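So the structure is just underneath, and the comments pick up after that.
2 protein chains.
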Amino acid sequence: MCELLGMNANVPTDICFSFSGLLQRGGNTGPHRDGWGIVFYNDNGYQIFKESLSSSTSLLAKMLPTMSIKSKCIISHVRQANVGEVNLENTHPFVRELFGFHCSFAHNGQLKGYDKLLTGSYYPVGSTDSEFVFCHLLNKLKNNFKKMPKNYSLLARLLYNSLTSVEAFGVSNVLMTINSYTFAYCSNNLYWITRKHPFGQASLIDDDIEIDFKSETKTGDVVSIIATKPLTDNESWNKMTPGQMLVFFNGKIVYNFLKND
Amino acid sequence: MCELLGMNANVPTDICFSFSGLLQRGGNTGPHRDGWGIVFYNDNGYQIFKESLSSSTSLLAKMLPTMSIKSKCIISHVRQANVGEVNLENTHPFVRELFGFHCSFAHNGQLKGYDKLLTGSYYPVGSTDSEFVFCHLLNKLKNNFKKMPKNYSLLARLLYNSLTSVEAFGVSNVLMTINSYTFAYCSNNLYWITRKHPFGQASLIDDDIEIDFKSETKTGDVVSIIATKPLTDNESWNKMTPGQMLVFFNGKIVYNFLKND
Numbered sequence: 001m002c003e004l005l006g007m008n009a010n011v012p013t014d015i016c017f018s019f020s021g022l023l024q025r026g027g028n029t030g031p032h033r034d035g036w037g038i039v040f041y042n043d044n045g046y047q048i049f050k051e052s053l054s055s056s057t058s059l060l061a062k063m064l065p066t067m068s069i070k071s072k073c074i075i076s077h078v079r080q081a082n083v084g085e086v087n088l089e090n091t092h093p094f095v096r097e098l099f100g101f102h103c104s105f106a107h108n109g110q111l112k113g114y115d116k117l118l119t120g121s122y123y124p125v126g127s128t129d130s131e132f133v134f135c136h137l138l139n140k141l142k143n144n145f146k147k148m149p150k151n152y153s154l155l156a157r158l159l160y161n162s163l164t165s166v167e168a169f170g171v172s173n174v175l176m177t178i179n180s181y182t183f184a185y186c187s188n189n190l191y192w193i194t195r196k197h198p199f200g201q202a203s204l205i206d207d208d209i210e211i212d213f214k215s216e217t218k219t220g221d222v223v224s225i226i227a228t229k230p231l232t233d234n235e236s237w238n239k240m241t242p243g244q245m246l247v248f249f250n251g252k253i254v255y256n257f258l259k260n261d
Numbered sequence: 001m002c003e004l005l006g007m008n009a010n011v012p013t014d015i016c017f018s019f020s021g022l023l024q025r026g027g028n029t030g031p032h033r034d035g036w037g038i039v040f041y042n043d044n045g046y047q048i049f050k051e052s053l054s055s056s057t058s059l060l061a062k063m064l065p066t067m068s069i070k071s072k073c074i075i076s077h078v079r080q081a082n083v084g085e086v087n088l089e090n091t092h093p094f095v096r097e098l099f100g101f102h103c104s105f106a107h108n109g110q111l112k113g114y115d116k117l118l119t120g121s122y123y124p125v126g127s128t129d130s131e132f133v134f135c136h137l138l139n140k141l142k143n144n145f146k147k148m149p150k151n152y153s154l155l156a157r158l159l160y161n162s163l164t165s166v167e168a169f170g171v172s173n174v175l176m177t178i179n180s181y182t183f184a185y186c187s188n189n190l191y192w193i194t195r196k197h198p199f200g201q202a203s204l205i206d207d208d209i210e211i212d213f214k215s216e217t218k219t220g221d222v223v224s225i226i227a228t229k230p231l232t233d234n235e236s237w238n239k240m241t242p243g244q245m246l247v248f249f250n251g252k253i254v255y256n257f258l259k260n261d
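Here you go:
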């Protein structure tokens, strides 16, 4: 299995603190030593950093927090391989274009028989179930819309229905981004927290790091973090329910889909 | 305008030396301060690093050579913007998937009226002429093949014809990679050099760096470098002719297309 981390905020925000916690789970406090990756969005552009090795010992991963890249929308992943070899093409997140927007995808789960899913003009490059599902979801969206819709409710509904269908093949927790929207689908393990005024202090579970968000933020800032497991031990994280999908935009939940909705 | 750098080799090779020269042209010895990027292939996977700022002062660009990433196929670019704003989505190289392979593209030129070109299901994300042309070329390939051909001669011929057509809109020097093949199209400025046994010494034009390739290579290594302008002052670089396209694979030229071929 793997671990997911996402951030959605209303202002460009540094994910350094949470990312430092996730990195430790990539081979140190967790067994996910088969690769790591992170995507930072900046409007329609993005930067992606990935390696098919342990994040806890990676020079690049250690260097990234010192660069203080700020973004309103980030997803990250540490991998423990089950389907697909340990190599770069199988390392999450995956990025593909849809209607002129770079979409990205990270996945935690294990699927069987998923190759029945249609991927249309989106060809998987690697051999993971995860990238296959991503191609399938993009193909669904491409077939059902002519361009990126202005109102995301129909797109979110279609994505939700498709993600519940994918669960027929096994456990499938997902973080996906489209145009600064973060779609978080919970099959069994996904937590979230929204930090806003008044900001407090937090301490990482996986590393000896504390932060005082008061000194890092302004009053109007709203920052949501989504993760496979809570990253801090002194904050109250919300556990998503199986079959739930939350959609975040500008740091806030804008859609909430529940099983049998 | 911009500057291009490509490497094609028969063994994973460190581009650190040539990249250090290009970086200086991004704001120091050259005026290309509007962004830089580099793609390293590793089989079907890749790593991409890019920023929409000057490479000569970038922390990330400075750090990259210390990581000694080795690859058989690399393209890089420093940008001086003409068409399109200075931002990440307009920063080269661009990467898109074709038939299950990540293709990348970097461009030096200035085009007018290029939006008549068809891009099919490949939507440009940014606003550069370069990304538009890349989408057009991929669309051409997608429409003319059902899957990635085993023999690349037909694909290279189609690409060559398409690239000569693009020149109707202006100057267009191109570096494009598909599955470890490097396609280098010269509109006016593109040089190449192939280094092989017996390897010699080289000194950069743009930085005070010398290298003895003998100590960095094995006897059978073959490494070709393609660049907008020669990067070293004590080697003999080959100038491509206008309308020429060279295709490199495993470090060697495998196809050579000339004007009126």
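Going line by line, the protein sequences match chains V and A. Using full-length UniProt numbering, the first residue of the first sequence is number 1, and each one after it goes up by one. Using full-length UniProt numbering, the first residue of the second sequence is number 1, and each one after it goes up by one. Cβ atoms here follow ideal geometry from the backbone N, Cα and C, with glycine treated the same way. Keep in mind it's a predicted model, so treat the numbers as computed, not measured.
Could you check the C-alpha separation between residue i and residue j for me, to the nearest Å?
i: Q125 of chain A; j: P198 of chain A; result: Note on identity: in this sequence residue 125 of chain A is Val, with Gln being the wrong assignment. Their Cα atoms are separated by approximately 45 Å.
i: N143 of chain V; j: K62 of chain V; result: 41 Å
i: I205 of chain A; j: V78 of chain A; result: 16 Å
i: L60 of chain A; j: P65 of chain V; result: 12 Å
i: L154 of chain A; j: N44 of chain A; result: 21 Å
i: F99 of chain A; j: T119 of chain A; result: 16 Å
i: N108 of chain A; j: P93 of chain A; result: 11 Å
i: N139 of chain A; j: P149 of chain A; result: 15 Å
i: D221 of chain A; j: H32 of chain A; result: 32 Å
i: I15 of chain V; j: V166 of chain A; result: 42 Å
i: residue 264 of chain V; j: V95 of chain V; result: Because chain V spans 1 through 261 in this model, residue 264 of chain V falls outside it and cannot be assessed.
i: K218 of chain A; j: R157 of chain A; result: 33 Å
Say whether chain V places a C-beta atom closer than 9 Å to the C-beta of residue i.
i: P65 of chain A; result: no
i: Y152 of chain A; result: no
i: H102 of chain A; result: yes
i: N42 of chain A; result: yes
i: Q47 of chain A; result: yes
i: Y122 of chain A; result: yes
i: L98 of chain A; result: yes
i: N234 of chain A; result: no
i: K50 of chain A; result: yes
i: L118 of chain A; result: no
i: E216 of chain A; result: no
i: E210 of chain A; result: no
For residue i, would you say it is in contact with chain A, using Cβ-to-Cβ distances shorter than 9 Å as the test?
i: residue 334 of chain V; result: Residue 334 of chain V lies beyond the residue range present for chain V, which begins at 1 and ends at 261; the question has no answer from this structure.
i: residue 262 of chain V; result: Residue 262 of chain V is absent from the model: chain V starts at 1 and stops at 261.
i: K72 of chain V; result: no
i: P3 of chain V; result: Reading off the sequence shown, one finds Glu at residue 3 of chain V, where the question assumed Pro. No, its Cβ sits nowhere closer than 9 Å to a Cβ of chain A.
i: T177 of chain V; result: no
i: N8 of chain V; result: no
i: N90 of chain V; result: yes
With DSSP as the reference, label residue i as helix, strand or coil.
i: H32 of chain V; result: coil
i: L88 of chain V; result: helix
i: V160 of chain V; result: According to the sequence shown, residue 160 of chain V is Tyr rather than Val. Three-state DSSP puts Y160 of chain V in a helix.
i: F17 of chain A; result: helix
i: Y123 of chain A; result: coil
i: M148 of chain A; result: coil
i: E235 of chain V; result: coil
i: L141 of chain A; result: helix
i: V166 of chain A; result: helix
i: V133 of chain A; result: helix
i: F248 of chain V; result: strand
i: A112 of chain V; result: Rather than Ala, the amino acid found at residue 112 of chain V in this sequence is Lys. Three-state DSSP puts K112 of chain V in coil, outside helix and strand.
My assumption, with CB atoms under 8 Å, is that residue i sits in contact with residue j. Please give the rounded CB distance.
i: L5 of chain A; j: A227 of chain A; result: 5 Å
i: Q24 of chain A; j: D208 of chain A; result: Not quite, the Cβ-Cβ distance comes to about 10 Å (not below 8 Å), so this is no contact.
i: V30 of chain V; j: E3 of chain V; result: This sequence places Gly at residue 30 of chain V; Val is not what is there. That belief holds up - the Cβ atoms of G30 of chain V and E3 of chain V are roughly 6 Å apart, short of 8 Å.
i: L175 of chain A; j: A106 of chain A; result: 5 Å
i: L231 of chain V; j: G21 of chain V; result: 4 Å
i: C103 of chain V; j: I38 of chain V; result: At roughly 16 Å, the Cβ-Cβ gap does not stay under 8 Å, so C103 of chain V and I38 of chain V are not in contact.
i: L159 of chain A; j: L137 of chain A; result: 6 Å
i: S56 of chain V; j: G35 of chain V; result: Contact doesn't hold; Cβ gap of about 12 Å is too wide.
i: F40 of chain V; j: I69 of chain V; result: 5 Å
i: S58 of chain V; j: F19 of chain V; result: Going by Cβ atoms, the distance from S58 of chain V to F19 of chain V rounds to 12 Å, so no, they are not a contact pair.
Identify, in the order they occur along the chain, each residue of the same chain with its Cβ nearer than 6 Å to the Cβ of residue i, setting aside the five sequence neighbours on each side.
i: T194 of chain A; result: S224
i: Q244 of chain A; result: C186, L258
i: N87 of chain A; result: S52
i: K196 of chain A; result: V222
i: V254 of chain V; result: V247
i: D129 of chain V; result: V83, L111, Y114
For residue i, which residues of its own chain have a beta-carbon under 8 Å away from its beta-carbon, when the five flanking residues on both sides are left out?
i: N188 of chain V; result: V171, N173, P242
i: F249 of chain V; result: N8, Y152, S180, Y181, T182
i: N42 of chain A; result: P12, S71
Ordered along the chain, which non-local residues of its own chain (more than five positions away) have a Cβ less than 7 Å from that of residue i?
i: N238 of chain A; result: Y191, W192, I193
i: E85 of chain A; result: S127
i: D115 of chain V; result: F132
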